[in-house]
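In terms of my numbering, the sequence shown is residues 1 to 113. Where a beta carbon is used, it is the ideal one built from N, C-alpha and C, also for glycine. It should be emphasised that the depicted structure is a prediction, and the values quoted were computed from it without experimental measurement. The structure under discussion appears below in the form of structure tokens.
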Amino acid sequence: RDRPARAPTAKMADEEAEIARWRGVAPALFDECDGRGISEYAVLNALQLIERGQLGSIEEARLQLLRQHEEKAAIREKMRLAMAQRAVPAPEPDPEPAPAEDAVADAAASSAA
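Written out as structure tokens, the structure is:
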């Protein structure tokens, strides 16, 4: 008998409850972070650092979140640029026509005239 794993579901439910609780405490922080594309789980983790005594205030949590978000954005941009440089080879110069081709083209032009 295979049982579905229950631990992730229980953990997710606990996290959702914690997010809801912290949304009541710091709704502006969640709104700001949501507008910047920072996940509510990242916000939750930062706010939990306050409970552990590792950060002193919601403002410290906010500043840490913004700093981390900017650092990650800078890394993503560097990676994007590096991948773009590898993906797009430098254009090769057009080959010069061989002298014989020039002579044939000149002869065709003069006979047409």
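With DSSP run on the structure shown, which of helix, strand or coil describes residue i?
i     : result
Ala82 : helix
Ile38 : coil
Met54 : According to the sequence as given, residue 54 is Gln; it is not Met. Gln54 falls in the coil class under three-state DSSP.
Ala73 : helix
Ala13 : helix
Glu92 : coil
Ala28 : helix
With a CB to CB cut of under 8 Å and the five nearest residues on each side skipped, what residues in its chain are close to residue i?
i     : result
Glu18 : Leu44, Gln48
Ile50 : Gly56, Ser57, Ile58, Glu60, Ala61
Gln68 : Ala42
Using 10 angstroms around the beta-carbon of residue i, count the other beta-carbons present and answer buried if the total reaches 16, otherwise exposed.
i     : result
Leu29 : buried
Leu63 : exposed
Ile75 : exposed
Ala26 : buried
Using the C-alpha atoms, what's the distance from residue j back to residue i?
i      : j     : result
Lys72  : Met79 : 10 Å
Gln122 : Arg36 : Residue numbering for the chain in the displayed model covers 1 to 113; residue 122 lies beyond these limits and cannot be assessed.
Gly53  : Ala46 : 11 Å
Ala87  : Glu77 : 15 Å
Ala10  : Ala20 : 15 Å
Among the candidates the options, whose CA atom is the shortest distance from the CA of residue i?
i     : options             : result
Asp14 : Pro27, Val25, Tyr41 : Tyr41
Leu66 : Ser39, Glu16, Glu77 : Ser39
Please return the same chain residues whose Cβ sits closer than 7 Å to the Cβ of residue i, not counting the five positions on each side in sequence.
i     : result
Arg23 : Phe30
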